[in-house]
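Residue numbers (the numbering used here): 1 to 646.
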RNA sequence: GCUGCUGUAGCGUAGUGGUAGCGCAACGCCUUGGUAAGGCGUAGGUCGUGGGUUCAAUUCCCACCAGCAGCACCA
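Listed below in structure tokens is the structure:
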């Protein structure tokens, strides 16, 4: 007889097997009404699931983290039912939930277009109103196949053949419609609610294989209620407004062009931003005991063979050969490849000269320019490129030093993120994968060191079991931006393998040779991507210290031109990035233009200011004016514009 | 890489089998104006690239390139 343990620790005993719905009812009528599903020992199951043994049970309501996924999977079914009702002859295939919603792939000769959405959505709402109970049934596989054949569902029939013989075939039925599906699902279509919207249609292949027939995929999104749906749609709009590709063009930061796919042309203002970030990062690295290096971009293929990269990701590498005939004569058909990462090069520096344990930890940092051949479909603005610069560093240390180095790194990283305006940071911990190098004892040590160090640095870890690199466990740092999107940027990876492969050694206290451990670590990840994230996080309104143009000195009448030049020179002298606007335009026009250009400070100079040697300061986003003496203004703004040095 | 879509002036866009408009920006002139768009005028495009069909192609067809959305990928 099952004893049910609830999340609050209480235990309910039943004298016979009970369904999830009954458990919910035994707790309260309100909960029974709100219940969508249950979890049995952490696994989400239908509300109708009968529990016949002792178990930990949670009642899943809309508030539960698993609820959205249930809603989304159900929405896919309701979409499919609606489409089949409206467009007889359309075949169903698959329809899973996705990160923000769901989709369903259909087979139909005529194309779906966004104009069809309103009708389909109306039908979906009708199905929700019908409140069709969703019932799970176990079918015999022959019956399943026969059903699909009879109903002209050739794709489903094909798929039913491929379900492993030892697996049950479950069917979810809602009203007259049904689909073969593993579930779980909501108890009825009414529970889906109406906070859904179809978003787009695209083509795809049956089972993702181009040799197979094409299908049409209809995408949608669904949320717990209208407020959430509205917030999501708003977030999409916000994301468009903040798009770094649009802002990059408008703010004259960079451009990309056909001849250099996946590579960025940085314009003066974009490069100013880059240089500021680099200077900021460099000052922090200097303070934390890193030494900066610069290593070659083009190296002989033999080098990459030795490092193991040629074997593992040659497909992602660019190769180059000298073109001149004389080079071919003297070197033969020698060929080189552009580095896809910096670590092997850093080991070369480590390997020059004999290292002692006294040299450890050795922290080699490089703003390393790397090239990787990313698939064309993966390229995206400056966020995903083929030519990028990592804020890379490798810490060569002993196993005993892993903990301390990890703590140091976490503090460094959190400080940098904080100063850049990212305060919401999550840390993922990925431990040993099935395929791995190194002994279990070594892995034990490395995993424990990372965990302990994260705890000591005050970080809460999100576990990512089995997702570590083959050469060691890793921490991944995910920052959340102003509109709630997550970006994985920083990483710390423990590596026992590469020092072995490339024969890095140091002499220990015992006079013997030892193998150092290598910590791969990055904070921005890549400058290109990180700058894209910063632009979108701030919607282009960069904080003063990062802004490419920090101040514009704008004149009100041309009489003030000489004084305006003097003001600009004084600010420049104080280290600010300043432009003057002496154009024959009204101050209204200038204010509007520089506000739209997102310049943080506007110094208006009229006849009055020129006579009194003052400036009138207007800050971006505010209408207030502040009149300051020139000398005071320079001191004040110099201090405000300084790179944070906390 | 895959599927679908797109490519017209610096940017945003209209349009057509008979070699192209509009707005903003740019430039010039007038205006010297006190905190989010003053007025008038001028210039700017071999319509992504290559091929084909046609008397004629920016328009129709094919290929390629790049971009966009999604998928896959992100070692």
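Even for Gly, the Cβ is constructed at its ideal location relative to N, Cα and C.
{"Item": "Where do the N-terminal and C-terminal ends of the beta strand (DSSP E) with residue 45 fall, by residue?", "Value": "43–46"}
{"Item": "Determine the closest residue to residue 423 out of 605, 480 and 143, with distance taken between C-alpha atoms.", "Value": "480"}
{"Item": "Along the beta strand (DSSP E) that carries residue 479, what are the first and last residues, could you check?", "Value": "474–480"}
{"Item": "Report the option in 469, 592, 433 and 493 whose CA atom is closest to the CA atom of residue 454.", "Value": "493"}
{"Item": "Return the CA-CA distance between residue 538 and residue 375, expressed in angstroms with no decimal places.", "Value": "29 Å"}
{"Item": "Of all the options 245, 107, 187 and 354, which has the alpha carbon lying nearest to the alpha carbon of residue 512?", "Value": "354"}
{"Item": "Which same chain residues, not among the five before or five after residue 175, have their C-beta less than 8 Å away from its C-beta?", "Value": "81, 127, 130, 132 and 189"}
{"Item": "Can you tell me whether residue 147 is helix, strand or coil according to DSSP?", "Value": "helix"}
{"Item": "So the beta strand (DSSP E) residue 173 belongs to, where does it begin and stop?", "Value": "169–174"}
{"Item": "Using the three-state DSSP reduction, which class does residue 431 fall into: helix, strand or coil?", "Value": "coil"}
{"Item": "How far does the alpha helix (DSSP H) with residue 281 in it extend, from its first residue to its last?", "Value": "268–287"}
{"Item": "Spatial neighbours of residue 552 within its chain, please: C-beta separation below 6 Å, excluding the five flanking residues on both sides.", "Value": "579, 581, 594, 599 and 602"}
{"Item": "For residue 43, which option in 55, 35, 123 and 33 has the closest C-alpha, if you only look at C-alpha atoms?", "Value": "55"}
{"Item": "Need the endpoints of the beta strand (DSSP E) that residue 181 sits in, please.", "Value": "No beta strand (DSSP E) contains residue 181, which DSSP labels as neither H nor E."}
{"Item": "Report the residue ranges of all alpha helix (DSSP H) runs contained in full by the stretch 595–633; include only those spanning at least 4 residues, in chain order.", "Value": "607–612"}
{"Item": "Ignore the nearest five residues each way along the sequence and tell me which others in residue 615's own chain have a CB closer than 7 Å to its CB.", "Value": "567, 603, 605, 609, 628, 630 and 633"}
{"Item": "For residue 443 and residue 635, what's the separation of their Cα atoms in angstroms?", "Value": "54 Å"}
{"Item": "For the stretch 502–519 against the stretch 386–395, do three or more pairs of beta-carbon atoms, one drawn from each stretch, fall closer than 8 Å, so that the two count as touching?", "Value": "yes"}
{"Item": "Tell me whether residue 221 sits in a helix, a strand or coil according to DSSP, three-state version.", "Value": "strand"}
{"Item": "The alpha helix (DSSP H) spanning residue 305 covers which residue range?", "Value": "301–307"}
{"Item": "Which partner residues of residue 579 appear in the DSSP bridge assignment?", "Value": "552"}
{"Item": "Going straight from the alpha carbon of residue 571 to that of residue 549, what length do you get?", "Value": "12 Å"}
{"Item": "Are at least three pairs of beta-carbons, each pair with one atom in the stretch 138–146 and one in the stretch 101–120, less than 8 Å apart?", "Value": "no"}
{"Item": "Taking the alpha helix (DSSP H) that residue 117 falls in, what are its first and last residues?", "Value": "117–130"}
{"Item": "Which residue's Cα is closest to the Cα of residue 343: 498, 381, 462 and 204?", "Value": "498"}
{"Item": "In the DSSP assignment, find the alpha helix (DSSP H) that holds residue 505 and state where it starts and stops.", "Value": "Element bounds for residue 505: n/a, residue is neither H nor E."}
{"Item": "Pull the bridge partners of residue 38 from the DSSP assignment, please.", "Value": "45 and 59"}
{"Item": "So, do the stretch 297–316 and the stretch 258–277 have three or more beta carbon pairs nearer to each other than 8 Å?", "Value": "no"}
{"Item": "Does the Cβ of residue 583 have 16 or more other Cβ atoms within 10 Å, making it buried, or fewer, making it exposed?", "Value": "exposed"}
{"Item": "Quick one: which unbroken alpha helix (DSSP H) runs of 4-plus residues sit fully inside the stretch 58–96? Chain order, please.", "Value": "67–86"}
{"Item": "Determine the direct distance from the alpha carbon of residue 462 to that of residue 490, and round the result to whole angstroms.", "Value": "15 Å"}
{"Item": "Are the Cβ atoms of residue 217 and residue 199 separated by less than 8 Å?", "Value": "no"}
{"Item": "Taking the straight line between their C-alpha atoms, what separation do you get for residue 406 and residue 450?", "Value": "7 Å"}
{"Item": "Can you check which of these residues, 293, 22 and 536, is closest to residue 241 by C-alpha distance?", "Value": "536"}
{"Item": "Between residue 482 and residue 545, how many whole angstroms is the CB-CB distance? I'm expecting something under 8 Å.", "Value": "With a Cβ gap of about 18 Å, residue 482 and residue 545 do not count as contacting."}
{"Item": "Would you mind giving the Cβ-Cβ distance between residue 297 and residue 339, rounded to the nearest angstrom? I have them listed as a contact below 8 Å.", "Value": "6 Å"}
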